[in-house]
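According to numbering that gives the first Met the number 0, the sequence shown is numbered sequentially starting from 0.
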Amino acid sequence: MKVRTRFAPSPTGLLHIGGVRTALFSWAFAKKHGGQFVLRIEDTDLERSTPESVAAIMDGMHWVGLDYDEGPFYQMQRMDRYKTVIQHLLDSGHAYYCYCSKEELEAQRAEAESRGEKPRYNRAWRPETGKTLPAIPSDITPVVRFKTPMGGSVVWYDQVKGRIEISHDELDDLILARPDGTPTYNFCVVVDDWDMQITHVIRGDDHVNNTPRQIVIYQALDATVPLFAHLPMIHNDQGVKLSKRRDAVSVVDYDKQGILPEALLNYLARLGWGHGDDEIFSLTQFIEWFDLKDVSGSPSRMDRDKLLWTNAQYIKAADPAQLAARVAGFLADKGVSTEGGPALADVCALLKDRCQTLVEMADQAEYFYRALTPTQEIADKHLTPTDEERLKLFAEAAASLATWDAASLGALIKEFVKQQGVKMPQVGMPIRAKVCGITNTPSVDAVLALLGREEVLRRLVA
Ligand SMILES: Nc1ncnc2c1ncn2[C@@H]1O[C@H](COP(=O)(O)OP(=O)(O)OP(=O)(O)O)[C@@H](O)[C@H]1O
């Protein structure tokens with residue numbers, strides 16, 4: 000059996016990281032088993048679905064690198080197929096027309112509520128042997144309802160939650176098609192997963208209540224019931240399910256925040272799944288290790304500090320040239336041109352151990368390309384008249400340095416400190432303040448070496 004999984008978002012807003020984590024597990028499961036991963040856009044909610052949301056889903060998937068083998072399939076393009084299957088269910092006696100009016104349903108609901116019971120359709124139009132159905136009213140366009148089996152129960156072995164059993168009596172006779180003929184959610188999902196030969200339905204556990212309703216439809220269609228894996232939800236800071244209606248954090252916003260997509264995926268992989276104490280691992284490693292049985296049953300909370308820590312590990316390990324390609328964009332956004340300055344890859348190599356995001360890296364890289372004015376606080380602390388005098392002397396010494404590299408600059412600064420009879424920070428901090436405009440920089444010798452003699456001397460005497 001070829002493993003086939005799917006991700007089936009509704010295009011009713013942005014793609015948030017809860018959805019991406021769910022997509023990641025589904026994707027990894029397919030990859031691990033040499034199977035296929037399908038993208039399906041569940042766009043039947045015409046009022047809320049938008050082309051912008053479809054684009055946001057595709058952009059998000061593309062940015063994190065979750066490639067799909069088939070799709071995107073759109074439910075709105077499959078209407079004829081749903082109608083055919085509904086007709087088949089009607090013909091085979093698994094579905095029936097229901098002519099209940101809105102008022103009748105409302106009355107049934109009110110009555111059930113007054114008895115403290117779950118609102119339930121009274122199955123007046125459900126055909127049974129020996130039962131006489133009411134006369135068809137002329138003013139009602141019927142819905143199509145599923146004839147849910149009576150007695151017995153639905154059982155499935157959830158790949159995450161274990162055995163689940165739901166009594167048939169808990170399930171109403173689900174509406175399959177509305178009066179205008181449009182099919183309903185649970186029904187479309189079954190037909191799609193059946194047609195797309197999905198073997199493992201891996202989705203968020205917000206869908207767990209849909210599963211028994213879907214399984215009975217599979218059974219009526221004589222279709223193979225896939226395996227189900229319901230993943231725990233990712234919660235926001237307030238401990239509630241991340242949702243596109245509430246939490247306006249699109250996955251591509253993390254790009255703008257300077258998070259590397261590979262770091263985000265690594266972070267998400269650890270949300271609800273674990274492999275011992277391993278925190279940092281490649282996608283290849285994740286695919287190899289991933290197993291649904293290791294998925295936790297409880298929800299996880301989005302932890303920004305942990306994400307930043309993970310991102311820092313990825314930045315540290317990244318190739319400086321690749322970092323430079325990304326940091327260049329952030330510098331350009333700030334209006335900083337790298338032309339005429341040190342190679343950005345060299346700057347990134349120097350900064351990569353000290354930044355949690357690429358935005359931070361671009362901020363720190365800025366002084367390599369344009370002199371920054373120190374804040375008043377820095378100037379008061381590190382650029383006093385005495386400091387300025389000392390900096391002039393240092394500039395003279397630096398001007399005659401034979402070789403301009405970090406080692407020679409390091410030796411020069413050491414010698415200068417000794418000669419001035421001061422401590423290292425009394426020279427290092429004013430140099431940073433004067434040359435960089437900030438004091439939080441890598442080691443002074445490395446910074447000066449990279450900036451180049453001409454630029455350093457120009458800034459020292461400015
Ligand atoms: N917070 C979450 N954590 C984990 N998975 C989620 C989360 N929210 C949605 N999913 C899963 O992502 C997939 C796509 O979901 P969908 O497009 O319906 O997004 P949604 O955020 O649930 O939308 P809504 O705004 O209706 O809450 C589904 O499998 C769903 O279970």
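Cβ coordinates follow ideal geometry from the N, Cα and C atoms, glycine included.
All of these numbers come straight from a predicted model, not from anything done at the bench.
For residue i, count the other beta carbons within 10 Å of its own beta carbon; 16 or more makes it buried, fewer makes it exposed. Which is it?
{"i": "Arg3", "result": "buried"}
{"i": "Gln158", "result": "buried"}
{"i": "His87", "result": "exposed"}
{"i": "Ala54", "result": "exposed"}
{"i": "Asn439", "result": "exposed"}
{"i": "Gln213", "result": "buried"}
{"i": "Pro424", "result": "exposed"}
{"i": "Asp42", "result": "buried"}
{"i": "Val460", "result": "exposed"}
{"i": "Ser281", "result": "exposed"}
{"i": "Gly436", "result": "buried"}
{"i": "Ala331", "result": "exposed"}
{"i": "Met60", "result": "buried"}
Measuring CA to CA, which of the options is closest to residue i?
{"i": "Phe367", "options": "Pro441, Asn185 and Lys305", "result": "Pro441"}
{"i": "Phe329", "options": "Glu365, Leu291 and Thr383", "result": "Glu365"}
{"i": "Ile279", "options": "Glu169, Gly34, Gln312 and Arg353", "result": "Gln312"}
{"i": "Ser399", "options": "Ser242, Ser25 and Val455", "result": "Val455"}
{"i": "Ile314", "options": "Gly161, Ala361 and Ser336", "result": "Ala361"}
{"i": "Ala445", "options": "Ala461, Leu349 and Val426", "result": "Leu349"}
{"i": "Val190", "options": "Asp42, Gln74 and Ala394", "result": "Gln74"}
{"i": "Glu127", "options": "Met149, Asp332 and Leu263", "result": "Met149"}
{"i": "Arg122", "options": "Ser113, Leu132 and Glu116", "result": "Leu132"}
{"i": "Thr183", "options": "Arg245, His274, Asp276 and Val84", "result": "Val84"}
{"i": "Asp179", "options": "Ile139, Lys422, Met428 and Lys255", "result": "Ile139"}
{"i": "Trp261", "options": "Arg202, Thr402, Asp379 and Ala316", "result": "The sequence shown places Glu at residue 261, not Trp. For Glu261, the nearest C-alpha among the options comes from Ala316."}
{"i": "His167", "options": "Thr147, Phe186, Lys160 and Tyr156", "result": "Thr147"}
{"i": "Arg389", "options": "Thr402, Thr374, Ala406 and Lys417", "result": "Lys417"}
{"i": "Ile135", "options": "Gly161, Trp155 and Cys99", "result": "Cys99"}
{"i": "Thr49", "options": "Ala394, Thr11, Leu170 and Ile40", "result": "Thr11"}
Can you give me the Cβ contacts of residue i inside the same chain, cut-off strictly under 7 Å, excluding the 5 residues immediately before and after it?
{"i": "Arg458", "result": "Ala370, Lys433 and Val434"}
{"i": "Glu359", "result": "Gly257"}
{"i": "Ala222", "result": "Trp193"}
{"i": "Lys305", "result": "Tyr266"}
{"i": "Asp58", "result": "Val251"}
{"i": "Leu65", "result": "Ala22, Leu23 and Trp26"}
{"i": "Leu487", "result": "Any answer about residue 487 is impossible in this case: the structure gives the chain only from 0 up to 461."}
{"i": "Arg325", "result": "Leu357"}
{"i": "Asp352", "result": "Lys315"}
{"i": "Ala396", "result": "Leu411 and Phe415"}
{"i": "Gln363", "result": "Leu350 and Cys354"}
{"i": "Glu376", "result": "none"}
Can you list, in chain order, the residues of its chain whose CB lies under 6 Å from that of residue i, leaving out five sequence neighbours each side?
{"i": "Pro298", "result": "Pro231, Met232 and His234"}
{"i": "Gln196", "result": "Arg3"}
{"i": "Ala344", "result": "Pro319, Ala320 and Ala323"}
{"i": "Lys31", "result": "Ile286 and Phe289"}
{"i": "Ile216", "result": "Val189"}
{"i": "Gly340", "result": "Phe367 and Tyr368"}
Tell me, to the nearest whole angstrom, how far the beta carbon of residue i is from that of residue j; I am working on the premise that it is less than 8 Å.
{"i": "Val143", "j": "Pro211", "result": "Not confirmed; about 19 Å, so no contact."}
{"i": "Lys243", "j": "Leu447", "result": "About 49 Å; that fails the 8 Å criterion."}
{"i": "Ala111", "j": "Arg119", "result": "6 Å"}
Can you give me the Cβ contacts of residue i inside the same chain, cut-off strictly under 8 Å, excluding the 5 residues immediately before and after it?
{"i": "Ala342", "result": "Ala323"}
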